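Going by the UniProt record's numbering, the first residue of the sequence shown is number 1, and it counts up by one from there.
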Amino acid sequence: MNTYKDLTVWQKSIELVTEIYELTKKFPKEEIYGLTSQIRRAAISIPSNIAEGKMRGGNIEFRRFLLIAFASGAELETQLIISKRLSQSAKLDYNRVDCLLEEVMKILNKLISQLGPSA
Numbered sequence: 001m002n003t004y005k006d007l008t009v010w011q012k013s014i015e016l017v018t019e020i021y022e023l024t025k026k027f028p029k030e031e032i033y034g035l036t037s038q039i040r041r042a043a044i045s046i047p048s049n050i051a052e053g054k055m056r057g058g059n060i061e062f063r064r065f066l067l068i069a070f071a072s073g074a075e076l077e078t079q080l081i082i083s084k085r086l087s088q089s090a091k092l093d094y095n096r097v098d099c100l101l102e103e104v105m106k107i108l109n110k111l112i113s114q115l116g117p118s119a
């Protein structure tokens with residue numbers, strides 16, 4: 001039986017969460033309850049929703065949770081854009097996070113498309 005752990009998109013999104021934590025460790029301490037927390041929660045939401053959708057069984061539920069994961073990716077992307085514009089965070093290296101997020105979003109988009117509008 002294939003589980004969510006076998007999905008490349010889940011594996012890549014776990015890698016993204018790890019990179020997000022490494023990046024946000026370098027954020028200003030005053031952001032710990034603000035942007036740092038928001039970014040981490042959005043990142044964690046991606047693999048969490050992939051896993052939940054896969055384990056609910058059936059393509060309709062899986063697609064619905066993939067859409068939620070995709071929306072969390074857009075939320076994360078927005079928060080990263082904001083953090084890049086803040087002077088103290090702007091000097092950090094976002095390349096690895098940006099690449100992983102883009103890859104995860106592409107895979108999610110493809111999976112959602114393959115499952116169709118009414119899966």
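Note that the Cβ used here is the ideal one computed from N, Cα and C, for glycine as well. Just so we're clear, the structure is a prediction, and the values are computed from it rather than from any experiment.
Is M55 buried or exposed, if buried means 16 or more other CB atoms sit within 10 Å of its CB?
exposed
Those runs of the alpha helix (DSSP H) which lie wholly inside the stretch 20-85 and span at least 4 residues:
35-56, 59-85
Is T3 helix, strand or coil by DSSP?
coil
Whose C-beta lies closer than 7 angstroms to the C-beta of A119 among residues of the same chain, with five residues either side of it excluded?
With a pLDDT of 48 at A119, under the threshold of 50, the modelled position of this residue cannot be trusted, and the question is left open.
Label I81 either buried or exposed according to how many other C-beta atoms from any shown protein chain fall within 10 Å of its C-beta, with 16 as the threshold for buried.
Exposed, since its Cβ has fewer than 16 Cβ neighbours within 10 Å.
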